[in-house]
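*Asks:*
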Amino acid sequence: MRPVRSHIHVLHCFNNCFKHAIVLPSLKKEGLNNTQFCNYKPISYLPFLSKLREQVVLKRMQQHLDRIDSIPMHQSAYRKGHSTQTALLKVMNNCLRAADLGKVSVLCLLDFSDTVDHQLLLTRLRCRFGVVGKALDWFRSYLHNRTYSVVYGSAMSDVVQIACSVPQGSVLGCLLFVLYTAELKHIAEDLGQHVC
2 MRPVRSHIHV
12 LHCFNNCFKH
22 AIVLPSLKKE
32 GLNNTQFCNY
42 KPISYLPFLS
52 KLREQVVLKR
62 MQQHLDRIDS
72 IPMHQSAYRK
82 GHSTQTALLK
92 VMNNCLRAAD
102 LGKVSVLCLL
112 DFSDTVDHQL
122 LLTRLRCRFG
132 VVGKALDWFR
142 SYLHNRTYSV
152 VYGSAMSDVV
162 QIACSVPQGS
172 VLGCLLFVLY
182 TAELKHIAED
192 LGQHVC
């Protein structure tokens, strides 16, 4: 597919002062042992102004994606009129229909949440979703040189560089993750598997 010129007009860089997150560990639910690390989930806080700027880009990016109609048809989460509920209904319906025909169903769940390769994501944004020029430069700047520090009680960790993944707690993170994983359907189809 030939890249479509993106209509996402934004400044070509995302300020470094907006790229540092403060991560606060929070117990997953009350009553859990607070001495066990596995009982905590990280809550990431980003600067308020960075989220405002991301909202503008999200709106423009969504308009661009709607115009080129490139979100996978069966993508449920983070898509208008679709939800995890519609995804579960589709999976349940397909399993019940297969059972009625005497077929066996297998469900494979993959977790890619911490494995988003920035260069691969930028390549997909350019080649598959037509994000080019200054818009692509903005996303490159948005993803690169991100850091975080963990705060627990009165202690703060050293600054840690983020080498991969989309920014947790960000406005754009969910959409970027969807665009990153959009190829999975085509990969499965190329391997001869039915993807619903």
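For the sequence shown, position 184 matches number 185 in this note's numbering, and the numbering has no gaps at all. Every residue, glycine too, gets a C-beta built ideally from N, C-alpha and C.
1. Which residues share a DSSP beta bridge with residue 42?
2. With C-beta atoms as the reference, is residue 183 less than 8 Å away from residue 129?
3. Where does residue 44 land, buried or exposed, given buried means 16+ other C-beta within 10 angstroms?
4. Measure the CB-CB distance between residue 38 and residue 142 and report whether it falls below 8 Å.
5. How big is the Cα-Cα spacing for residue 24 and residue 32?
6. State buried or exposed for residue 147, treating a residue as buried only when at least 16 other CB atoms are found within 10 Å of its CB.
7. Taking all protein chains shown into account, do 16 or more other C-beta atoms lie within 10 angstroms of the C-beta of residue 28, making it buried, or fewer, making it exposed?
8. With 16 other CB atoms within 10 Å as the buried threshold, where does residue 149 fall?
9. Look up residue 124 in the DSSP assignment and say whether it is helix, strand or coil.
10. Does the Cβ of residue 163 have 16 or more other Cβ atoms within 10 Å, making it buried, or fewer, making it exposed?
11. Report the option in 81, 106 and 83 whose CA atom is closest to the CA atom of residue 93.
12. So, for residue 115: in the same chain, excluding its five sequence neighbours on each side, which residues have a beta-carbon less than 8 Å away from its beta-carbon?
13. Using DSSP bridges, identify the partner residues of residue 157.
14. Using the Cα positions of residue 144 and residue 102, report the straight-line distance between them to the nearest angstrom.
15. Span of the alpha helix (DSSP H) holding residue 187?
16. Among 58, 35, 181 and 97, which residue has its Cα nearest to the Cα of residue 135?
17. Are residue 117 and residue 181 touching if we call contact CB-CB under 8 Å?
*Replies:* Taking the structure as given:
1. For residue 42, which the question treats as bridged, DSSP gives the partners 27.
2. Contact annotation: residue 183 and residue 129 have beta-carbon atoms nearer than 8 Å.
3. So residue 44 ends up on the exposed side.
4. No, they are not a contact pair.
5. Near 21 Å, if we compare the C-alpha coordinates of residue 32 and residue 24.
6. By the neighbour-count definition (other C-beta atoms within 10 Å, threshold 16), residue 147 is a buried residue.
7. Here residue 28 is exposed: its Cβ has fewer than 16 other Cβ atoms, across all protein chains shown, within 10 Å.
8. The residue is buried, with at least 16 neighbouring Cβ atoms inside 10 Å.
9. Assigned with DSSP and collapsed to three states, residue 124 falls in helix.
10. Looking at its Cβ environment, which holds 16 or more other Cβ atoms inside 10 Å, residue 163 is buried.
11. Ranking 81, 106 and 83 by Cα distance to residue 93 puts 106 first.
12. Counting only Cβ-Cβ distances below 8 Å, and skipping sequence neighbours, we find 165 and 166.
13. Under DSSP, residue 157 takes part in a beta bridge, and its partners are 152.
14. About 47 Å.
15. Per DSSP, residue 187 is one residue of the alpha helix (DSSP H) stretching across 184-191.
16. Of the listed residues, the one whose Cα sits closest to residue 135 is 58.
17. Between residue 117 and residue 181, the C-beta spacing is below 8 Å.
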